[in-house]
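**Student:**
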Amino acid sequence: MKIIYEKQFRIALKDIVAYIAEDKVSASELFKKELKKKFELVIENPKMHRASVYHKSESYRDLVFMGYTAIYKIEDNTIKVLDIFKWVDR
2 MKIIYEKQFR IALKDIVAYI AEDKVSASEL FKKELKKKFE LVIENPKMHR
52 ASVYHKSESY RDLVFMGYTA IYKIEDNTIK VLDIFKWVDR
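Just so we're aligned, residue 2 is where the sequence shown starts under my numbering, counting upward by one.
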């Protein structure tokens with residue numbers, strides 16, 4: 002299985018990392034590194050996170066991490082990471 006980070010996710014992650022870096026650069030780097038580790042685990046077990054509360058299909062999952070929700074979709078041999086956002090913003 003491979004992971005594809007969609008454009009919306011990359012843009013949102015960049016904004017989140019920049020926001021965290023305003024306070025502490027090392028924390029923003031750690032956030033990004035740890036989130037990447039979480040997605041590496043998803044490759045081995047795509048359904049390890051809850052079914053998405055934002056989509057009705059079981060192929061959509063929510064990875065909740067440090068107050069943020071990353072939505073990904075499980076496809077044949079691909080995991081598409083669609084978006085990441087602060088849960089209070091939705």
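Think of the CB as a built atom: it goes at the ideal place given N, C-alpha and C, for glycine as much as any other residue.
Going by alpha carbons, who is nearest to Tyr61 out of Ala13, Lys25, Lys48 and Gln9?
**Tutor:** Per the Cα distances, Lys48.
**Student:** Within the continuous alpha helix (DSSP H) that includes Val43, where are the two ends?
**Tutor:** Where Val43 is concerned, the enclosing alpha helix (DSSP H) stretches over Val26 to Glu45.
**Student:** Please name the residue or residues paired with Ala52 in a DSSP beta bridge.
**Tutor:** For Ala52, which the question treats as bridged, DSSP gives the partners Arg62.
**Student:** With DSSP run on the structure shown, which of helix, strand or coil describes Asp84?
**Tutor:** Of the three classes helix, strand and coil, the one that applies to Asp84 here is strand, per DSSP.
**Student:** Quick one: give me the first and last residue of the beta strand (DSSP E) that Lys74 is part of.
**Tutor:** Taken as a continuous stretch (DSSP letters only), the beta strand (DSSP E) holding Lys74 covers Tyr69 to Ile75.
**Student:** Mapping the DSSP letters down to three states, classify Lys3 as helix, strand or coil.
**Tutor:** In the structure shown, Lys3 sits in a strand (DSSP, three-state: E or B).
**Student:** Buried or exposed: Leu14, going by 16 or more other Cβ atoms within 10 Å of its Cβ?
**Tutor:** Buried, because 16 or more other Cβ atoms sit within 10 Å of the Cβ of Leu14.
**Student:** For Lys33, which residues of its own chain have a beta-carbon under 6 Å away from its beta-carbon, when the five flanking residues on both sides are left out?
**Tutor:** The answer, listed in chain order, is Val18.
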